[in-house]
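For our numbering, add 69 to where a residue sits in the sequence shown, where the first one is 1. Just so it is clear, CB atoms sit at the ideal spot from N, CA and C, and this is done for glycine as well. Please read these numbers as outputs of a predicted model, since none were measured by experiment.
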Amino acid sequence: MNAEALSNDEQENREVSRWHQYRDSWPEAAEIMQNIVSRFTELRKEFKWGTDIYTFQGKNVIGWGGFKNFFSIWFYNGVFLEDKEKVLISASEGKTKALRQWRFTDAVQMDEKKITAYVAEALQVAKDGKEIKPEKSVPLKPEGLLNEHLQADPTFLQAFERLTPGKQKEYIEYINEAKQEKTRLTRLEKIKPMVSEGKGLHDKYKR
């Protein structure tokens, strides 16, 4: 999946790949979660975003990982959970739509009975088909200096129009973010060969 097509929740979960550097610090917590999830035979283990994610009929249900200062259980549609224990948090308030986390600073804090109840509820949410549909972003249109150069150069315009909407958006925002016209011109000259080659602004970071 291209980064440009990722939802806020998916972007956030790409960050979980960092947990591997702290994996050996949380063996007890990971063992507790393995014991719990083994009771749910309907959950399927898949490898996503650098870690194991448990799914039901292709829908993400739960995942977990240990970071530097805490161990986290991720409930992918946690927004629909009753959260009787009042423990779930949104890591990116205002951005994350559905995903919620339950964090622990020590494995001794993990109550298997309570966690099992949350996992069971999360599985039921998946069975019920509850989910938040990703919002479709409104495509940006070239304006100002970028639009002037596109209209003045048919070859540049054709190359730009061949780009995916996500790549076009990257370039439009890159030019628009520059406050001074001198900077916009410098950026424009930088992107022209990239656009001509069909490359995105951030392609080198997506490999």
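Between the alpha carbons of A189 and I158, how many angstroms are there, rounded?
18 Å
Please list the terminal residues of the continuous alpha helix (DSSP H) segment that includes I105.
96-106
Could you tell me whether the Cβ atoms of W171 and Y145 are closer together than 8 Å?
Contact: no.
So, under 8 Å CB-CB, G147 and S141 are touching, yes? Tell me the CB distance rounded to an integer number of Å.
11 Å between Cβ atoms; not a contact.
Just list the residues that DSSP pairs W143 with in beta bridges.
G132, Q170
With DSSP as the reference, please indicate the residues paired to K114 in a beta bridge.
Y123
What's the C-alpha gap between G213 and G132?
The alpha-carbon of G213 is positioned some 45 Å away from that of G132.
Using only the alpha-carbon positions, how far apart do Q126 and T255 sit?
49 Å
Threshold first: 4 residues or longer. Then list the alpha helix (DSSP H) segments lying entirely within the region 192-224, N to C.
The qualifying runs are 213-221.
For the region 229-248 against the region 261-273, do three or more pairs of beta-carbon atoms, one drawn from each stretch, fall closer than 8 Å, so that the two count as touching?
yes
Using 10 angstroms around the beta-carbon of F116, count the other beta-carbons present and answer buried if the total reaches 16, otherwise exposed.
exposed
Which same chain residues, not among the five before or five after A228, have their C-beta less than 6 Å away from its C-beta?
V264, S265
Taking only the alpha-carbon atoms, compute the straight-line gap between S107 and D121 and give it to the nearest angstrom.
13 Å
Measure the alpha-carbon distance for K268 versus F136 and round it to whole angstroms.
34 Å
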